[in-house]
Every structure is written in C-alpha cells, then in structure tokens.
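Chemist:
Residue numbers (this note's numbering): 60 to 571.
1. State the start and end residues of the unbroken alpha helix (DSSP H) segment that holds residue 272.
2. Kindly identify the DSSP beta-bridge partner or partners of residue 178.
3. Could you say which of 461, 524 and 479 lies nearest to residue 262 if we only look at CA atoms?
4. For residue 167 versus residue 146, is the C-beta spacing smaller than 7 Å?
5. Can you confirm whether the stretch 122-139 touches the stretch 257-273 when touching is taken to mean that 3 or more C-beta pairs between the two stretches lie within less than 8 Å?
6. Using a Cβ-Cβ cut-off of 6 Å (strictly less than) and excluding sequence neighbours within five positions of residue 193, which residues of its own chain qualify?
7. Grab the span of the alpha helix (DSSP H) containing residue 103 for me, first residue to last.
8. Grouping DSSP H, G and I as helix and E and B as strand, with all else coil, what is residue 295?
9. Please return the same chain residues whose Cβ sits closer than 6 Å to the Cβ of residue 478, not counting the five positions on each side in sequence.
10. Kindly identify the DSSP beta-bridge partner or partners of residue 208.
11. Using 8 Å for Cβ pairs, my map puts residue 144 next to residue 94. What's the rounded Cβ distance?
12. Once DSSP output is grouped into helix, strand and coil, what is the label at residue 431?
13. Count Cβ pairs between the stretch 373-393 and the stretch 553-565 that sit closer than 8 Å; are there 3 or more?
14. Check for me: the beta strand (DSSP E) holding residue 407 runs from which residue to which?
15. Kindly list the residues whose CB is nearer than 7 Å to the CB of residue 184, restricted to its own chain and excluding five residues on each side of it in sequence; keep chain order.
16. Would you report the Cα separation of residue 514 and residue 467, rounded to the nearest angstrom?
17. Between which two residues does the beta strand (DSSP E) carrying residue 154 extend?
18. Would you kindly report the start and end of the unbroken alpha helix (DSSP H) that includes residue 496?
19. Starting from residue 532 and walking both ways along the beta strand (DSSP E), at which residues does that stretch end?
20. Identify every residue that forms a DSSP beta bridge with residue 227.
21. Out of curiosity, what's the CA-to-CA distance linking residue 565 and residue 489?
22. Are the CB atoms of residue 392 and residue 287 nearer to each other than 7 Å?
23. What does residue 389 pair with, by DSSP beta-bridge criteria?
24. With distances taken between CB atoms, is the gap from residue 232 to residue 197 smaller than 7 Å?
25. Flag this pair as yes or no: are the beta carbons of residue 502 and residue 473 separated by less than 7 Å?
26. Taking the alpha helix (DSSP H) that residue 562 belongs to, which residues open and close that run?
27. Which value, in whole angstroms, describes the spacing of the CA atoms of residue 570 and residue 500?
28. Can you give me the C-alpha to C-alpha distance between residue 532 and residue 422, rounded to a whole angstrom?
29. Output needed for residue 366: all residues of its chain with C-beta closer than 6 Å, excluding positions within five of it in sequence on either side, in chain order.
30. Pick helix, strand or coil for residue 304, following the three-state DSSP scheme.
31. In whole angstroms, what is the alpha-carbon distance linking residue 140 and residue 123?
32. Under a Cβ-count criterion, where at least 16 other Cβ atoms within 10 Å of its own Cβ denotes burial, should residue 440 be classed as buried or exposed?
33. Among 562, 170 and 218, whose alpha-carbon lies nearest the alpha-carbon of residue 234?
34. Out of 386, 149, 562 and 270, which one is the CA nearest neighbour of residue 100?
35. Taking just the CA atoms, how far does residue 567 sit from residue 525?
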C-alpha cells in the first residue's frame, strides 16, 4: 500500500473516531451548572460506547464475573449485564483547579442480570443457590472523586489527566432481588429468603454493595479518563476566563477587578492573537498574586476584643463557604476526614462524614494576646453530622454493635479554641501569623440526638433500647466520646486559618 493511501486511511480512521465523540458545550470551569448540562447532553453518546477508542458501552454494560466473599457469603455472578446508566441524571459536576479534583455525583435506576452461585450465610440466614438473578436498584447514587494533573498531549496542548478515583454509593429508594433455583428449587425456603432479602434491602446494599459496584465504577472511570485524554482542555472549558481567578467574596470589590473583567471580555470577543493573549496573562500572573485576599471586614487593633469579635462574625460566612483562590476548603458543609478511635471500651469508625452548621455560628468573643502570641476564639453553633459508622464494644455500661448510617444533631455546642502562633516574615518582608499548636474545650449545652441504622444487625428491640439509652444519656456520651470527632473538625478549620494568614500579612488585616 502506498504512503499516500496509508495516510489517507489513517486520516479517515481518525475522522471516524472523532465523529463518534459527543459534542461538547464549552463552559467556564467555575460554572458547575454549565458543566452539568454539558455532561448530561454528552451522556447518551458516551453510554453506547466508542469501539474505535476501545471504550466499552456503559449501557448495556457487560461484566464477565463479579465475586463476593464477605461476611460469610460466597457469591459469584457470571455474564452479568447492567442496564440503566444512559438514563442517569447528573446531580453535580465540578472541576477544582486549586485542589486538582473532579467531583461527579449522579443517580440512576439500574438493573443487573446474570448467572449466580451462592453459598454460606446472608446476614443471619443460610443461603444456597445456582441459577439466574435479577437485581434492581432504584435511585442508586454514586459520588466519584477523581484527582487529576494537567499534562500536554502530542500536539503540545494541555489536557486533563485523571489519575485515580474513589467512590461512595447509596441506594435511596429501593432494591429488589430475584434469584431462581434457590435451595434446589424448594419454594418455601426460596419464598422465605426472597421476603428476607427484599425486606432488608437497605442492610444488604450497605453490606455487600461495594464488591458488586467496584467493577462497574472502574468501567465508568475508564470512560471518563479516556474522554478527557482525547480532548484538549481548550475544547472542554473556556481557558480565557481571567476574572474567575480574581477574589470576589461577597461585597468585596478589588480595585483592578473591573478593568481586568473588561480585558477578559475584549479577549473573548475579539480575534486577539495568541502572543497578545499570552502577554496579558503573564501580566496578570504578576499582578494577581500581589492582590490582598482580606475578608470584607473592618480592621481592628489586635487588643480590641470587641472589634475583633464583630469582625470575625462579619467574615464568618465567607470563610466557612471556602475561598478557592486561596485553596481553602469548604467548611460548611464540611467533608470530614475518616475518623477512628478506641476509647473507654468503644471501638468506633466514621467514614464519609459531613458536618453542617458552622457558617451560622455565633462568635461570643475573640481575644488576641500579642505578648503571649495566643489567639482565643469562643463561639457556639448548632451542628448536624452524617456519615457511615461502625461501632463495637461498650458505650458507658451497655454493649453496642452496628454498621450503618449515623445522624447526630448537636444543639448549642460551646467551643473555646486557643491557638499558639509565631510571626514569620514572608518573601515580601512582612510579618505573617504562623499557627503552631492548638487546644480546645467544648460542651454541648442544649441537647444531642443520636440516630443509627442497623444496630445489632437490624434487631429492632435491641436498637430501640440503645437509642433510648443514647438519647437519655446524651450529656455523658457527648462528653465522653465527642472529643475525637470535634478535634477532626477543628483541625480542618485551623488548616484554613493557617492558609488565610499565610496569604495576608498581619499589617493588612489589623491596625498596628
């Protein structure tokens, strides 16, 4: 075959591949609504697969084998087929350039069919079967967190290289299980097992869902990774969107914000050459880091406790909602790090925790001791904590065992936090506050209310007794076991405080 013909065939193949790629509406990277709409529009084309790019279909998804060996159950499913992902609804899609994280949340009604073999125990009941299975999950919610790097492709263009992923799942509405030939066709035993499974679907999904969903989520991730690798960033998002990098917290208007916005508009609406664009961007890279990130609050003398208290209160909501230009985390709703502790006979773990309520805190007093280099914060709030818990051991005088969802409501929690700091000069020669250590005390003055699913493997009588005990003795329990959980939240707060102080010399945030 001639070189010309070979090149022609190659070009035709490339054209066919890119013709299969779904059309993309470019969005500002900070416009999550636009990103969600664009991804939702592309989903049907992505779901059917692109053979030329070795992308398997997501709907219908074929899986050779799924294996579960967990909690006494041995289960294998061969030749599985999953339907329903092309009808998924995207609930959230965000690209955090500061943290280099993509967050994707979607929900769908899915159906899995396949040939199963099962033996062992399913929770408390023995199980044995070899036949066909149909599993229906209504309102399956998947959240994927994907770190990425920006790399250059063979054409020298930037693309998003998605490195890995973690996922969480939940079935919000219902799960239904059908298995043929259970117990060698014994109808009575089969009916009993089906009633048990479908009445306890929530517990089964929580207990055995991860090994069932690992392979499907790996396939979803492969499609996402290939898509971003195949598309330069400039084809997916609006790269020239200069104003998104400028701080615009609440009513704060920076002196250069409006002229920079005008420059960005001119660049986007006119055929400005790449050389001119580059020159403008370089200039902005020099200008923007020098801008202040001070919150929209009044400056105070550090010994003026009343002024500091009011100033902290005015800036609290903005601070808690996160400041992406500084790289600070959102603190309300706060995504908690995983927590584990072994305390007073109780072994406890919390995963996927979310803490709400801090942005509505009341600041009671701020005291800043410049001689001892200690800052004291006194505040109170009503908080709600949700997450997946595991508990074993004793809580005060009663034994406890559980693996499920936790909801904890705390009313009128009083905090006192002491931060020891030093002053350190930055590259600009100005002093900055550097927190070195902290200590805190807390007390729940109003009330604490505990809700835990799947206590004692779903035994209602034991669960009800434990809930009565927990909520009657909320004061002692919150005092005894609350500290590790509170500590995890305060650590995230102090991380943000440290970043804020690093970006703002003390002269910029106080009257000397």
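Glycine is no exception: its CB is placed at the ideal position from the N, C-alpha and C atoms.
Modeler: In terms of the structure at hand:
1. 260-289 is the span of the alpha helix (DSSP H), which, as asked, contains residue 272.
2. 133 and 187
3. 461
4. When the beta-carbon positions are compared, residue 167 and residue 146 come within less than 7 Å of each other.
5. yes
6. 172 and 237
7. 91-106
8. helix
9. 434, 494 and 497
10. Paired residue(s): 220.
11. The Cβ separation is near 19 Å, so there is no contact.
12. coil
13. yes
14. 405-415
15. 252 and 255
16. 15 Å
17. 148-155
18. First-last for residue 496: 490-511, but that is the beta strand (DSSP E), not the alpha helix (DSSP H).
19. Element bounds for residue 532: n/a, residue is neither H nor E.
20. 202
21. When rounded, the distance between both Cα atoms is 8 Å.
22. no
23. DSSP lists no partner for residue 389.
24. Yes, they are a contact pair.
25. Taking C-beta atoms as the reference points, residue 502 and residue 473 count as a pair closer than 7 Å.
26. 542-562
27. 30 Å
28. 28 Å
29. 359
30. With a pLDDT of 31 at residue 304, under the threshold of 50, the predicted position of this residue should be treated as unreliable, and no value is reported.
31. 9 Å
32. buried
33. Looking only at 562, 170 and 218, the smallest Cα-Cα distance to residue 234 is reached by 170.
34. Ranking the options by Cα distance to residue 100, first place goes to 149.
35. 53 Å
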